[in-house]
Amino acid sequence: MQLKKLLTVLGTVGIVASLAACSSMNTTKKTFVPVTTSPQYLTDSTPRLGIIAAFGQEADLLLASMTDKKDYLIRGKKFTTGQLENKAVVITLSGISMTNAAMTTQLLSDHFQVKGLVFSGIAGSLNPNYHVGDVVIAKGWMAPNEIYFANTTDLPSACGSAGDVSCLGLALDQSIPPYQQQFFRQTNVINAANYQNVALTTKIGDQNIPVAYGEMKSSFAVDANMWNIANTIHSNIPLEAICSDKNNCYQPKIVMGQRGISSGSFLANAKYRDYLHTTMQGDYVDMETAAVAQVAYANDIPFIAFRSLSDLAGADHDPNVAAFFGSGVAQRNAAKLTIGFVKEWNIR
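Residue numbers -20 to -1, 1 to 328, in mature numbering (1 follows the signal peptide of the UniProt record, and there is no 0), belong to the letters of the sequence shown in order.
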């Protein structure tokens, strides 16, 4: 036990010593040589709207409505260019998980001139006021898997004072109450607009030493223009009804929501669902969109997401969910909204 404590102390001392050794360099404003030439897209330079679907059936519905289709196989993933509602688009599948979604979005950005990005798929509801089949459009996205997981519920003080974890290159978002010992933290994001900004410093002696550049962010807002288009058209998109039998049908709605939540975890816990809804004001949860939103922000691509609700996240297993998936209603409704949005969206 004494050896373990000694190693912990030595490790902390090593981090601080390394930062102190770099203090004279880090306190001087960094000089960068930015690339000023126009981006060279690896595959196709036509300005397009990028559409990422979560499941193949939804993508198939969109692909069936396209003309002038051309397929590209990049790193084993298929990207299809063409015209949808007389607009130039490129469509691909994200794959399930935050990492797959992030990689797909970056590939899309590197290989095609994406002037806007729509992500569409299904999600679990966090808001008990919403119904299975409703399509929700959130104003912004967060990823609560970005956390500081502590031993106790006390505010972490890894770097001296309560709430200070800056010497680890991290920053807590104390505006969001923790879930048990899990403290929500901000994400470091660098893009062309913020790369010279000092995002985070840590105190060593009497100096504030930079430990991160860019920004420390908690959430990623969807594009205001895209949001306004969706808000204008959403009441005019005729969604398909969900029927358990011919006498028992529900007419889904398109809802302009507040916040989407994404995590690498599949949410099957009612208590955590309630925390995400009541504390983080989450409307629904999935395993991809916040990653797509972050990559879009890092690449300065306007972004929005449409998610059709498949079930109540964290609820007991409902056998009707499988039937709902199999019916294809969620995919068809999401595709209808996407096509309606494409009609009104213009490349800028």
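Each residue gets a CB set at the ideal place from its N, CA and C atoms; glycine is no exception. Please read all numbers here as calculations on a predicted model, not as lab measurements.
Taking DSSP as the reference, what is the three-state secondary structure of residue i?
i        : result
Asp254   : helix
Phe35    : coil
Val112   : coil
Ser3     : Any reading at Ser3 must be qualified, since the residue scores a pLDDT of 46, below 50, and its modelled position is unreliable; the value itself is stated next. Reduced to three states, the DSSP call for Ser3 is helix.
Phe246   : coil
Thr148   : In the sequence on display, residue 148 carries Leu and not Thr. It is helical.
Ser89    : helix
Gln187   : strand
Ala118   : coil
Leu(-14) : Confidence at Leu(-14) is low in this model, with a pLDDT of 40, below 50, so the placement of that residue is unreliable and no value is reported for it.
Distance, Cα to Cα, residue i vs residue j?
i      : j      : result
Leu148 : Lys233 : 45 angstroms
Phe286 : Asn188 : 42 angstroms
Met260 : Asp48  : 43 angstroms
Phe246 : Asp186 : 45 angstroms
Gln166 : Leu150 : 7 angstroms
Gly244 : Pro124 : 9 angstroms
Val202 : Tyr110 : 21 angstroms
Ile327 : Met206 : 11 angstroms
Val178 : Ala172 : 14 angstroms
Gly30  : Leu289 : 22 angstroms
Ile184 : Ile156 : 27 angstroms
Does the distance from the CB of residue i to the CB of residue j come in under 9 angstroms?
i           : j      : result
Leu219      : Asn107 : no
Gln160      : Thr133 : yes
Lys57       : Thr84  : yes
Gly240      : Ala103 : yes
Gln162      : Ile127 : yes
residue 332 : Asn80  : Any question about residue 332 goes unanswered here, given that the chain covers just -20 to 328.
Ile32       : Ser100 : yes
If you drop the 5 nearest sequence neighbours on each side, which residues of the same chain put their C-beta closer than 6 angstroms to that of residue i?
i      : result
Val322 : Leu64, Glu65 and Lys67
Val116 : Val235, Gly237, Asp263, Tyr264 and Arg287
Tyr52  : Thr23 and Phe59
Ala276 : Leu97 and Phe283
Tell me which residues share the same chain as residue i and place their Cβ nearer than 7 angstroms to its Cβ, disregarding the 5 neighbours each side in the sequence.
i      : result
Gln311 : Phe35, Gln37, Glu38 and Leu41
Val309 : Gly113, Glu220 and Ile222
Gly62  : Met46, Thr47, Asp48, Lys49, Lys50 and Val69
Quick one: what's got a C-beta closer than 8 angstroms to residue i's C-beta in the same chain, skipping five residues either side?
i      : result
Lys316 : Ile217, Pro218, Leu219 and Glu220
Ile209 : Phe321, Glu324 and Trp325
Original post:
Is the region 253 to 272 close to the region 135 to 144, with three or more CB pairs under 8 angstroms?
Top reply: no
Original post:
Looking at C-beta atoms only, is the number of pairs between the region 271 to 281 and the region 88 to 101 that lie closer than 8 angstroms three or more?
Top reply: yes
Original post:
Do three or more CB pairs link the region 167 to 177 to the region 195 to 213 at distances below 8 angstroms?
Top reply: yes
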